[in-house]
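Engineer: As they're listed, the protein sequences go chains L and Y. Just so we're aligned, residue 1 is where the first sequence starts under our numbering, counting upward by one. Just so we're aligned, residue 1 is where the second sequence starts under our numbering, counting upward by one. From the three backbone atoms N, C-alpha and C, an ideal C-beta is built for every residue, glycine too. Would you mind keeping the following structure in view while I ask a few things?
Number of protein chains: 2
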Amino acid sequence: MKYSPLLDELISKLQYLPGVGRKTAQRMAFALLGQDRSRGLDLACAITAAMSGIRRCSRCRNYSDEEICPICASVKRQEEHVLCVVESPSDVAIIEQTGQFKGTYFVLHGRISPLEGMGPEEIGMGQLEELLRIGSFKEVIVALNSSVEGNMTSFMIARLAQRLGVTATTPSRGIPVGSELDSMDEGTLTYSFSNRKNL
Amino acid sequence: MKYSPLLDELISKLQYLPGVGRKTAQRMAFALLGQDRSRGLDLACAITAAMSGIRRCSRCRNYSDEEICPICASVKRQEEHVLCVVESPSDVAIIEQTGQFKGTYFVLHGRISPLEGMGPEEIGMGQLEELLRIGSFKEVIVALNSSVEGNMTSFMIARLAQRLGVTATTPSRGIPVGSELDSMDEGTLTYSFSNRKNL
Numbered sequence: 001m002k003y004s005p006l007l008d009e010l011i012s013k014l015q016y017l018p019g020v021g022r023k024t025a026q027r028m029a030f031a032l033l034g035q036d037r038s039r040g041l042d043l044a045c046a047i048t049a050a051m052s053g054i055r056r057c058s059r060c061r062n063y064s065d066e067e068i069c070p071i072c073a074s075v076k077r078q079e080e081h082v083l084c085v086v087e088s089p090s091d092v093a094i095i096e097q098t099g100q101f102k103g104t105y106f107v108l109h110g111r112i113s114p115l116e117g118m119g120p121e122e123i124g125m126g127q128l129e130e131l132l133r134i135g136s137f138k139e140v141i142v143a144l145n146s147s148v149e150g151n152m153t154s155f156m157i158a159r160l161a162q163r164l165g166v167t168a169t170t171p172s173r174g175i176p177v178g179s180e181l182d183s184m185d186e187g188t189l190t191y192s193f194s195n196r197k198n199l
Numbered sequence: 001m002k003y004s005p006l007l008d009e010l011i012s013k014l015q016y017l018p019g020v021g022r023k024t025a026q027r028m029a030f031a032l033l034g035q036d037r038s039r040g041l042d043l044a045c046a047i048t049a050a051m052s053g054i055r056r057c058s059r060c061r062n063y064s065d066e067e068i069c070p071i072c073a074s075v076k077r078q079e080e081h082v083l084c085v086v087e088s089p090s091d092v093a094i095i096e097q098t099g100q101f102k103g104t105y106f107v108l109h110g111r112i113s114p115l116e117g118m119g120p121e122e123i124g125m126g127q128l129e130e131l132l133r134i135g136s137f138k139e140v141i142v143a144l145n146s147s148v149e150g151n152m153t154s155f156m157i158a159r160l161a162q163r164l165g166v167t168a169t170t171p172s173r174g175i176p177v178g179s180e181l182d183s184m185d186e187g188t189l190t191y192s193f194s195n196r197k198n199l
């Protein structure tokens with residue numbers, strides 16, 4: 001079907017959204033056109049404002065509307081002297097949802113991956129070193145995903161922390177709380193058995 | 001998690017899209033921010049242009065960038081003297097994909113439904129009557145969905161066509177081509193058996 005140029009453009013650009021193929025984009029386009037048009041215009045405004053206005057916090061590299069994000073700006077959180085290093089801003093979001101972590105963050109926006117052109121500079125290793133050097137941190141929690149690249153990056157950060165006299169830790173891995181044993185994959189089970197704890 | 005105001009606004013407005021809840025909206029927002037920002041801006045432009053520029057064709061009420069849509073503007077399609085009445089623009093899209101129908105369309109943008117405030121005027125019955133009166137149509141194909149409201153609307157259009165001396169037809173219903181008998185619902189099977197055709 002040949003759509004009108006405007007509709008065709010809308011359907012094609014909606015596919016920039018993750019998980020949205022042609023069929024879903026068509027459904028979204030018709031929904032936007034069928035409902036109150038001001039909602040579509042509001043959506044466009046929100047996207048434009050976010051694309052232009054959201055930058056990286058100059059301290060932790062997390063997304064922020066300001067030069068320094070609210071978490072970094074909080075004296076209370078600075079005074080915890082604990083830094084949590086994560087791969088992406090969505091990791092910060094999910095950790096903040098638990099409400100348990102009171103320290104501050106550092107966002108790598110990726111992991112060391114020569115194939116993807118991600119080196120120490122791209123993930124801000126220099127900035128992290130600077131932060132650890134001047135930040136009087138007692139502990140750095142390295143909370144990266146356990147891929148090959150993630151593990152390599154964790155190792156590099158641990159070595160850096162060691163060199164600067166900061167304790168490096170990582171969240172425990174094993175069977176998720178509330179999960180059934182028989183629904184676990186082999187890798188997790190093997191790991192959690194060889195890393196068992198005293199009751 | 002309290003996001004920054006701009007990010008919060010983006011996540012909330014992305015939920016205007018059909019089938020997008022908070023979780024998906026978060027994922028979309030982070031993806032838009034993480035990729036080349038010009039793509040997000042392109043998407044916003046496409047939405048704005050579509051919201052402001054796409055209107056209803058003044059003849060068939062389908063979405064169109066122009067006063068008269070390309071299908072209605074085609075003399076060749078007019079000369080088929082067949083009108084297909086559908087509930088929504090997405091129905092036109094799906095029928096056009098088959099490439100089999102050569103006539104023109106009329107889009108109701110809904111069906112008669114007093115509960116939803118949809119009366120004859122909202123679905124353009126007056127405009128349809130006018131079109132059938134002046135259009136020298138031989139046939140009107142009433143291709144609505146078979147809900148209670150859809151059937152009621154089909155009946156009204158059939159009566160209107162009869163009054164104006166135009167043959168009203170409807171696409172056949174039954175077991176979809178390529179479907180297995182044992183995967184069919186009772187309603188479809190009952191219908192297709194009582195409407196069996198000679199081999």
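(1) If we count Cβ pairs, one from each stretch, closer than 8 angstroms, do we get three or more for the segment 134 to 142 of chain L versus the segment 76 to 87 of chain L?
(2) Excluding five sequence neighbours on each side, which residues of the same chain lie with their C-beta closer than 8 angstroms to the C-beta of Arg77/L?
(3) Give me, in chain order, the residues of the same chain whose beta-carbon lies closer than 6 angstroms to that of Met28/L; leave out the 5 immediate sequence neighbours on both sides.
(4) Which residue marks the beginning of the beta strand (DSSP E) containing Thr170/Y, and which one marks its end?
(5) Going by C-alpha to C-alpha distance, which of Glu116/Y, Ser52/Y, Pro171/Y, Gly34/Y sits closest to Asp42/L?
(6) I'd like the list of long-range same chain contacts for Ser64/L, defined as Cβ closer than 6 angstroms, with 5 residues on each side in sequence excluded.
(7) Hey, out of Ser192/L, Ala168/L, Ser90/L, Asn198/L, whose CA is closest to Val177/L's CA?
(8) Is Glu9/L close to chain Y? Criterion is C-beta to C-beta, closer than 8 angstroms.
(9) Cβ closer than 8 angstroms: which chain Y residues qualify as neighbours of Ala49/L?
(10) List the DSSP bridge partners of Ile123/Y.
(11) Assuming Ala50/Y contacts Leu10/L under a Cβ cut-off of 8 angstroms, what Cβ separation, rounded to an integer in Å, is found between them?
(12) Of the choices Tyr3/Y, Arg111/Y, Ala44/Y, whose alpha-carbon is the least far from that of Gly150/Y?
(13) With distances taken between CB atoms, is the gap from Ala31/Y to Gln26/L smaller than 8 angstroms?
(14) Is the CB-CB distance between Ile47/L and Ala44/Y below 8 angstroms?
(15) Does chain L have any CB closer than 8 angstroms to the CB of Tyr105/Y?
(16) Check Leu83/Y in the structure and name its three-state DSSP category.
(17) Judging by CA-CA distance, which residue of Thr188/Y, Asn145/Y, Leu181/Y, Glu180/Y is the nearest neighbour of Pro171/Y?
(18) What are the residues in the segment 23 to 36 of chain Y lying within 9 angstroms of chain L by C-beta distance?
(19) Does chain L have any CB closer than 8 angstroms to the CB of Ser194/Y?
(20) Could you please give me the residues that DSSP links to Thr104/Y through a beta bridge?
(21) What is the rounded straight-line gap between the Cα of Lys2/L and the Cα of Asp8/L?
(22) Using a Cβ-Cβ distance under 8 angstroms, would Arg39/Y count as near chain L?
(23) In this structure, what does DSSP give as the bridge partners for Arg56/L?
(24) Is the CB of Leu17/L under 8 angstroms away from at least one CB in chain Y?
(25) Measuring only between beta-carbons, confirm whether Tyr63/Y sits less than 8 angstroms from chain L.
(26) Where do the N-terminal and C-terminal ends of the beta strand (DSSP E) with Val142/L fall, by residue?
(27) Could you give the C-beta distance for Thr169/Y and Ile123/Y, rounded to a whole number, given that I count them as a contact under 8 angstroms?
(28) Here's the rule I'm using: 16 or more other beta-carbon atoms within 10 Å means buried, otherwise exposed. How should Ile134/Y be labelled?
Structural biologist: On the basis of the coordinates in this document:
(1) yes
(2) Walking along the first sequence from the start, residue 77/L turns up at place 77. Result list for Arg77/L: Ile71, Lys102, Gly103, Thr104, in chain order.
(3) As a working mapping, residue 28/L is identified with position 28 in the first sequence. Same-chain partners within the cutoff: Leu14.
(4) As a first step, residue 170/Y is located in the second sequence; it is residue number 170 there, counting from the start. That residue, Thr170/Y, is in no beta strand (DSSP E); it is neither H nor E in DSSP.
(5) The residue you call residue 42/L lines up with position 42 of the first sequence. When Glu116/Y, Ser52/Y, Pro171/Y, Gly34/Y are compared, the shortest CA-CA separation from Asp42/L is found for Ser52/Y.
(6) Your numbering for residue 64/L matches position 64 in the first sequence. Excluding residues within five positions, the ones whose Cβ falls inside 6 angstroms are Cys57.
(7) Start at 1 with the first residue of the first sequence, and residue 177/L comes out as number 177. If we check each option's Cα against that of Val177/L, Ser192/L comes out closest.
(8) Residue mapping note: residue 9/L aligns to position 9 of the first sequence, counting from 1. Yes, Glu9/L counts as interfacial toward chain Y.
(9) The residue labelled residue 49/L in the question sits at position 49 within the first sequence. Result: Leu6, Glu9, Leu10.
(10) Locating residue 123/Y in the second sequence gives position 123, where the first residue counts as 1. Ile123/Y is not bridged to any residue.
(11) Within the second sequence, the letter at position 50 stands for residue 50/Y. Within the first sequence, the letter at position 10 stands for residue 10/L. That pair is a contact at about 4 angstroms.
(12) Numbered from 1 along the second sequence, position 150 holds the residue referred to as residue 150/Y. Among Tyr3/Y, Arg111/Y, Ala44/Y, the Cα nearest to that of Gly150/Y is on Arg111/Y.
(13) Translated into the one-based positions of the second sequence, residue 31/Y becomes position 31. Translated into the one-based positions of the first sequence, residue 26/L becomes position 26. It is not a contact, given that the beta carbons lie outside the stated cut-off.
(14) Sequence index remark: in the first sequence, residue 47/L carries index 47 (1-based). Sequence index remark: in the second sequence, residue 44/Y carries index 44 (1-based). Their beta carbons are under 8 angstroms apart, which means Ile47/L touches Ala44/Y by this criterion.
(15) Residue mapping note: residue 105/Y aligns to position 105 of the second sequence, counting from 1. Chain L, which has no Cβ nearer than 8 angstroms to the Cβ of Tyr105/Y, makes this no.
(16) Mapped onto the second sequence, residue 83/Y falls at position 83. Of the three classes helix, strand and coil, the one that applies to Leu83/Y here is strand, per DSSP.
(17) Translated into the one-based positions of the second sequence, residue 171/Y becomes position 171. Answer by Cα proximity: Asn145/Y.
(18) Look at the segment 23 to 36 of chain Y: the residues with a C-beta under 9 angstroms from a C-beta of chain L are Thr24, Gln26, Arg27, Met28, Ala29, Phe30, Ala31, Leu32, Leu33, Gly34, Gln35.
(19) As a position in the second sequence, residue 194/Y is number 194, starting the count at 1. No, because no Cβ of chain L sits closer than 8 angstroms to the Cβ of Ser194/Y.
(20) Numbered from 1 along the second sequence, position 104 holds the residue referred to as residue 104/Y. For Thr104/Y, which the question treats as bridged, DSSP gives the partners Leu83/Y.
(21) On the first sequence, residue 2/L is found 2 positions in, with the first residue counted as 1. On the first sequence, residue 8/L is found 8 positions in, with the first residue counted as 1. So the alpha carbons of these two residues sit roughly 8 angstroms apart.
(22) Taking the first residue of the second sequence as 1, we reach residue 39/Y at position 39. True, the Cβ-Cβ gap to chain L drops below 8 angstroms.
(23) As a position in the first sequence, residue 56/L is number 56, starting the count at 1. According to DSSP, which records beta bridges pairwise, Arg56/L is partnered with Tyr63/L.
(24) Numbered from 1 along the first sequence, position 17 holds the residue referred to as residue 17/L. Yes, Leu17/L lies at the interface with chain Y (some Cβ there is under 8 angstroms from its Cβ).
(25) The count along the second sequence starts at 1 and reaches residue 63/Y at position 63. So yes, Tyr63/Y belongs to the interface.
(26) As a first step, residue 142/L must be located in the first sequence, where it is residue number 142. Bounds of the beta strand (DSSP E) holding Val142/L are 139 to 142.
(27) As a first step, residue 169/Y is located in the second sequence; it is residue number 169 there, counting from the start. As a first step, residue 123/Y is located in the second sequence; it is residue number 123 there, counting from the start. With a Cβ gap of about 19 angstroms, Thr169/Y and Ile123/Y do not count as contacting.
(28) Taking the second sequence and counting its residues from 1, the one referred to as residue 134/Y is at position 134. Counting Cβ neighbours within 10 Å, Ile134/Y comes out exposed, since fewer than 16 surround it.
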